[in-house]
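Novice: Just so you know, the sequences run in chain order W and D. Read left to right, the first sequence gives residues 1 to 335 (the UniProt record's numbering). Read left to right, the second sequence gives residues 1 to 335 (the UniProt record's numbering). Idealized CB from N, CA, C, for every residue including glycine. Pasting a structure here, questions to come.
Number of protein chains: 2
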Amino acid sequence: MAAKRPTIYDVAKAAGVSKSLVSLVLQSSPKVGEDSRRAVEAAIAELGYRPSRAASNLAAGRTKLVGVLIDDYTNLWFVDLVRGLHAALGPRGYRLSVVDVATADQAEHPVESFLSMRVDGMVVGMDPPNALTDGGLPPVVVAGTRRAPDEHVVDNFDSVANDDAEGARLVAKHLVALGHADLGHLSVGSGAAQVRRAAFEDRARESGARVVSTPYAGPATDEAGYSTAATLLVDHPEITAIFAANDVMAVGALAAARDAGRVVPDDLSIVGYDDTSLASSKLIGLTTVDDRSFDVGVAAGTLLADRMEGSAADPVAKVLEPTLTVRRTCGPRAK
Amino acid sequence: MAAKRPTIYDVAKAAGVSKSLVSLVLQSSPKVGEDSRRAVEAAIAELGYRPSRAASNLAAGRTKLVGVLIDDYTNLWFVDLVRGLHAALGPRGYRLSVVDVATADQAEHPVESFLSMRVDGMVVGMDPPNALTDGGLPPVVVAGTRRAPDEHVVDNFDSVANDDAEGARLVAKHLVALGHADLGHLSVGSGAAQVRRAAFEDRARESGARVVSTPYAGPATDEAGYSTAATLLVDHPEITAIFAANDVMAVGALAAARDAGRVVPDDLSIVGYDDTSLASSKLIGLTTVDDRSFDVGVAAGTLLADRMEGSAADPVAKVLEPTLTVRRTCGPRAK
Chain W
1 MAAKRPTIYD
11 VAKAAGVSKS
21 LVSLVLQSSP
31 KVGEDSRRAV
41 EAAIAELGYR
51 PSRAASNLAA
61 GRTKLVGVLI
71 DDYTNLWFVD
81 LVRGLHAALG
91 PRGYRLSVVD
101 VATADQAEHP
111 VESFLSMRVD
121 GMVVGMDPPN
131 ALTDGGLPPV
141 VVAGTRRAPD
151 EHVVDNFDSV
161 ANDDAEGARL
171 VAKHLVALGH
181 ADLGHLSVGS
191 GAAQVRRAAF
201 EDRARESGAR
211 VVSTPYAGPA
221 TDEAGYSTAA
231 TLLVDHPEIT
241 AIFAANDVMA
251 VGALAAARDA
261 GRVVPDDLSI
271 VGYDDTSLAS
281 SKLIGLTTVD
291 DRSFDVGVAA
301 GTLLADRMEG
311 SAADPVAKVL
321 EPTLTVRRTC
331 GPRAK
Chain D
1 MAAKRPTIYD
11 VAKAAGVSKS
21 LVSLVLQSSP
31 KVGEDSRRAV
41 EAAIAELGYR
51 PSRAASNLAA
61 GRTKLVGVLI
71 DDYTNLWFVD
81 LVRGLHAALG
91 PRGYRLSVVD
101 VATADQAEHP
111 VESFLSMRVD
121 GMVVGMDPPN
131 ALTDGGLPPV
141 VVAGTRRAPD
151 EHVVDNFDSV
161 ANDDAEGARL
171 VAKHLVALGH
181 ADLGHLSVGS
191 GAAQVRRAAF
201 EDRARESGAR
211 VVSTPYAGPA
221 TDEAGYSTAA
231 TLLVDHPEIT
241 AIFAANDVMA
251 VGALAAARDA
261 GRVVPDDLSI
271 VGYDDTSLAS
281 SKLIGLTTVD
291 DRSFDVGVAA
301 GTLLADRMEG
311 SAADPVAKVL
321 EPTLTVRRTC
331 GPRAK
């Protein structure tokens, strides 16, 4: 096993100076004489001493750690978000600790864990949990369109999201333009999904199409996408196109279509939301909405860093324009 | 925005006592009188004070933080590993900070970040980077079969892995039993993949089958699975079954098979490795090897916690038996 890590005391002893003097050298203080500085630097090199950033940041009242809360590692929506956060926060000296609520099945809520770790800030990439209604929080940025237990909570934080209503309207327009008039929608329980559903229904109906949305309000899973789509296709065989609340649900729907003998895209069109790596995989090639997760991450990281560094501006809500990514799961309505 | 977090000084002031006395109350010290204890507890409740675990752990020389290093969030084998780590480490008071080397595209290597954060331990779920050859490390457990830049490095750490050679033999046996005699293997550059390839080739050839392994030695991606399988199917049309180094590669191979007009499983059998949520999805239903990632995580977390709490036993290498998960991508060799 590795040797015990050298401490500042070991450095002081090896250099024949006091611990305070080592501290001054580490802070590049001009008060230290040249000889002492050289002796300390030689001892640091010899011992392989690594100053504890945790200790020095804590002394300055900060940890330079940002907690990122998501609700499901297997919904790959978060990967581009985290990449964007790293891009904005890494160069400013912050590190991320990503926690998935579903995976971290533990007594203490991850928000409590983050607070106990004294994170300098938090990014919330899920509908905010109750713990965020408490006071005494460090700066928080909400990523994505979210619904809080108390609806005023989200208004208190900076937020960055793609325009979910506009994304859903892009899907409705695309499907109507392909000639589809009987549309299905697979909804889920999240705040973003509610916005997508309402906008999709409105835009499709304005265009004269009929929409049947499923009443399912649980989490977005492959299994839920499969079962809700399977039921929808039995109850409404007239449906020729399905818009799923996100890519995970859409992939489940693709399996339900296959098992129902519906060929995609010839007999049935399917659209997702998020443009995850699953959607762009060679096998699936899902038509979906690009929700700009990387850009959302960059913007959220920048807002959070400004806030952690003292910005006292009023909370802002940034909205990015989504785009439709057309791949192979949609086609014209069969004659 | 949220108000400034109350400090231990605010509590002392509100309770009309010294900071040291507040500390004693927080440590449940018997030295504190009943009246003082009540006054401090009332002040804590009134102010919403939250003791800083970071500060108290740091004072005790520990952060209770474990760094987990992986190389790709989109390769979902890590999700069960992290679940297992949480299951073992959560109840012992440790928190995880998961960092994906690919996503954390930053100047400082994640291992350096972990060291600067003074993590109490690290779990390495990828081929160990060079940074782990340095001294001065906290306890490290290697998860999975790994190849280090210096091969002795891995021997210095505790490790937990499934038996990759046995898993690959299970695949060879399964395919041979289905009548396949011309096998393809899609390898990648990782240490685990090298072990899988050697064992697969040996076991298949012992049974009289022929094996063509691809020379690709890059990372496991959907795109690599697609292109290596596409080439293999053109160069070796006699192949009737493909074993991919992992599920990600296998899903790429499924797309290549479709584009080459080969029907799975009628004309071509495909097997993966890892048994990720992608493999078990309704759409894909991949036959694969269950590499026991959750159990690997539990065992790795337990070894690491023992080590962080002072165990000085010699490094151990735990090996768990994998199992074959049969789904819908393999069938008997076509006549």
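Check whether the Cβ of L283(W) lies closer than 8 Å to any Cβ atom in chain D.
Specialist: Looking up residue 283(W) in the first sequence gives position 283. By this cut-off, L283(W) is an interface position.
Novice: Report the partner residues of A161(W) according to the DSSP bridge assignment.
Specialist: On the first sequence, residue 161(W) is found 161 positions in, with the first residue counted as 1. DSSP output for A161(W) lists V319(W) as bridge partner(s).
Novice: Which residues in the same chain as R83(W) place their Cβ atom closer than 7 Å to its Cβ, once the five residues preceding and following it in sequence are excluded?
Specialist: As a position in the first sequence, residue 83(W) is number 83, starting the count at 1. Within the same chain, R83(W) has close Cβ partners F294 and G297.
Novice: Classify E46(D) as buried or exposed, calling it buried when 16 or more other Cβ atoms lie within 10 Å of its own Cβ.
Specialist: As a first step, residue 46(D) is located in the second sequence; it is residue number 46 there, counting from the start. Under this definition E46(D) is an exposed residue.
Novice: DSSP three-state label for I44(D), please.
Specialist: Position 44 of the second sequence holds residue 44(D). Three-state DSSP puts I44(D) in a helix.
Novice: Is Y9(W) close to chain D, meaning its C-beta is less than 8 Å from at least one C-beta of that chain?
Specialist: Position 9 of the first sequence, counting from 1, holds the residue named residue 9(W). Not an interface residue.
Novice: Taking Cβ-Cβ distances shorter than 7 Å, what residues in chain W pair up with T231(D)?
Specialist: For this step, residue 231(D) is matched to residue 231 along the second sequence. Here the premise fails: no neighbours, minimum Cβ distance about 14 Å.
Novice: If the cut-off is 8 Å on Cβ atoms, which residues from the stretch 64 to 76 of chain W count as contacting chain D, listed in chain order?
Specialist: Against chain D - using a Cβ distance shorter than 8 Å - the residues of the stretch 64 to 76 of chain W are L65, Y73, T74 and L76.
Novice: Taking all protein chains shown into account, do 16 or more other C-beta atoms lie within 10 angstroms of the C-beta of K282(W), making it buried, or fewer, making it exposed?
Specialist: Residue 282(W) sits at position 282 when you count from the first residue of the first sequence. The residue in question, K282(W), is buried, as its Cβ has 16 or more Cβ neighbours within 10 Å.
Novice: When you compare the stretch 30 to 43 of chain W with the stretch 63 to 72 of chain W, are there three or more beta-carbon pairs, one atom per stretch, that lie closer than 8 Å?
Specialist: No: the two stretches stay apart, fewer than three of their Cβ pairs being nearer than 8 Å.
Novice: So I242(D) is in the beta strand (DSSP E); what residue range does that whole segment cover?
Specialist: As a working note, residue 242(D) is residue 242 in the second sequence. Unbroken beta strand (DSSP E) run through I242(D): A241 to A244.
Novice: Quick one: what's got a C-beta closer than 8 Å to K173(D)'s C-beta in the same chain, skipping five residues either side?
Specialist: Indexing the second sequence from 1 puts residue 173(D) at position 173. Once the five neighbours on either side are set aside, the close Cβ partners of K173(D) are R203 and S207.
Novice: In three-state terms, what does DSSP make of I284(D)?
Specialist: Residue 284(D) sits at position 284 when you count from the first residue of the second sequence. Looking at I284(D) - three-state DSSP - the assignment turns out to be coil, as it is neither helix nor strand.
Novice: From which residue to which residue does the alpha helix (DSSP H) around D222(W) run?
Specialist: Position 222 of the first sequence, counted from the first residue, corresponds to residue 222(W). Counting along the chain, the alpha helix (DSSP H) containing D222(W) begins and ends at D222 to D235.
Novice: For chain D, check one thing: does any of its Cβ atoms lie closer than 8 Å to the Cβ of D235(W)?
Specialist: In the first sequence, the residue the question calls residue 235(W) occupies position 235. Cβ-Cβ to chain D under 8 Å: no for D235(W).
Novice: Measuring alpha carbon to alpha carbon, tell me which residue in L170(D), D222(D) and A199(D) is nearest G213(D).
Specialist: As a working note, residue 213(D) is residue 213 in the second sequence. The question names Gly, yet the displayed sequence has Ser at residue 213(D). It is A199(D) whose Cα lies nearest to the Cα of S213(D).
Novice: Beta carbon of A12(W), beta carbon of V25(W): below 8 Å?
Specialist: Your numbering for residue 12(W) matches position 12 in the first sequence. Your numbering for residue 25(W) matches position 25 in the first sequence. In this structure, V25(W) does not lie closer than 8 Å to A12(W) by Cβ.
Novice: Between Q194(D), G93(D), N162(D) and R210(D), which has its C-alpha nearest G179(D)'s C-alpha?
Specialist: Here residue 179(D) refers to the residue found at position 179 when the second sequence is read from its first residue. Selected option, being the one with the closest Cα: R210(D).
Novice: Can you name the residues that DSSP bridges to T325(D)?
Specialist: Numbered from its first residue, the second sequence carries residue 325(D) at position 325. Paired residues: T288(D).
Novice: Which same chain residues, not among the five before or five after G48(W), have their C-beta less than 7 Å away from its C-beta?
Specialist: The residue given as residue 48(W) occupies position 48 in the first sequence. Cβ within range, chain order: P6.
Novice: Between P322(D) and D291(D), which are expected to be in contact by the criterion C-beta below 8 Å, what is the C-beta distance as a whole number of angstroms?
Specialist: Within the second sequence, the letter at position 322 stands for residue 322(D). Within the second sequence, the letter at position 291 stands for residue 291(D). Indeed they touch by this definition, with Cβ atoms about 5 Å apart.
Novice: How would you list, in chain order, the residues of chain D whose beta-carbon sits under 7 Å from the beta-carbon of S97(W)?
Specialist: Mapped onto the first sequence, residue 97(W) falls at position 97. Within chain D, the residues near S97(W) are S97.
Novice: What is the C-beta distance between L89(W) and A305(W), in whole angstroms, given that I count them as a contact (C-beta under 8 Å)?
Specialist: Position 89 of the first sequence, counting from 1, holds the residue named residue 89(W). Position 305 of the first sequence, counting from 1, holds the residue named residue 305(W). Between A305(W) and L89(W) the Cβ distance is about 6 Å, and since that is below 8 Å, they are a contact.
Novice: Any C-beta of chain D sitting closer than 8 Å to the C-beta of D182(W)?
Specialist: Residue numbering aside, residue 182(W) sits at position 182 when the first sequence is read from its first letter. For D182(W), the answer is no, since every Cβ of chain D falls outside 8 Å of its Cβ.
Novice: Would you list the residues sitting across from P95(W) in a DSSP beta bridge?
Specialist: The sequence position of residue 95(W) within the first sequence is 95, counting from 1. One detail in the question is off: residue 95(W) reads as Arg in this sequence, not Pro. Partner(s): L65(W).
Novice: Give a yes or no on whether 8 Å exceeds the smallest Cβ distance from R327(W) to chain D.
Specialist: Numbered from 1 along the first sequence, position 327 holds the residue referred to as residue 327(W). Not closer than 8 Å to any Cβ of chain D, the Cβ of R327(W) fails to qualify, so no.
Novice: Specify the secondary structure class of L186(W) as computed by DSSP and reduced to three states.
Specialist: Taking the first sequence and counting its residues from 1, one reaches residue 186(W) at position 186. In the structure shown, L186(W) sits in a strand (DSSP, three-state: E or B).
Novice: Mind pulling the chain W residues with CB within less than 7 Å of V79(D)?
Specialist: Sequence index remark: in the second sequence, residue 79(D) carries index 79 (1-based). What V79(D) touches in chain W: Y73, T74 and T103.
Novice: Spatial neighbours of A2(D) within its chain, please: CB distance less than 8 Å, with the 5 preceding and 5 following residues excluded, ordered by chain position.
Specialist: Reading the second sequence from its first residue, position 2 is the one you call residue 2(D). The predicted model places A2(D) with a pLDDT of 41, which falls under 50 and marks its position as unreliable; any figure quoted below should be read in that light. Hits under 8 Å: none found.
Novice: Considering Cα atoms alone, identify which of E41(D), L81(D), E238(D) and V32(D) is closest to G301(D).
Specialist: Locating residue 301(D) in the second sequence gives position 301, counting from the first residue. Taking only the C-alpha atoms, the option nearest G301(D) is L81(D).
Novice: With DSSP collapsed to three states, give me the class of A2(W).
Specialist: Numbered from its first residue, the first sequence carries residue 2(W) at position 2. Reliability fails at A2(W), whose pLDDT of 40 lies under 50, so the model's placement of it is uncertain and the value that follows must be treated cautiously. Three-state result, A2(W): coil.
Novice: What's the C-alpha gap between S113(D) and R95(W)?
Specialist: Stepping through the second sequence from its first residue, residue 113(D) is reached at position 113. Stepping through the first sequence from its first residue, residue 95(W) is reached at position 95. Each residue's alpha carbon lies about 8 Å from the other.
Novice: Check each residue of the stretch 263 to 296 of chain D: if its Cβ is closer than 7 Å to any Cβ of chain W, include it; give the result in chain order.
Specialist: Cβ contacts with chain W: S277, S281, K282 and L283.
Novice: Identify the contact partners of G331(D) in chain W, using a Cβ-Cβ distance below 9 Å as the criterion.
Specialist: If you number the second sequence from 1, residue 331(D) lands on position 331. Residues of chain W passing the Cβ test: none, with the nearest at roughly 17 Å.
Novice: Using 8 Å as the cut-off, can you tell me whether the stretch 241 to 252 of chain D makes contact with the stretch 182 to 195 of chain W, which would need three or more C-beta pairs spanning the two stretches below that distance?
Specialist: Segments in contact, no.
Novice: Is V289(W) near D267(W), with beta carbons less than 8 Å apart?
Specialist: Taking the first sequence and counting its residues from 1, one reaches residue 289(W) at position 289. Taking the first sequence and counting its residues from 1, one reaches residue 267(W) at position 267. Contact: no.
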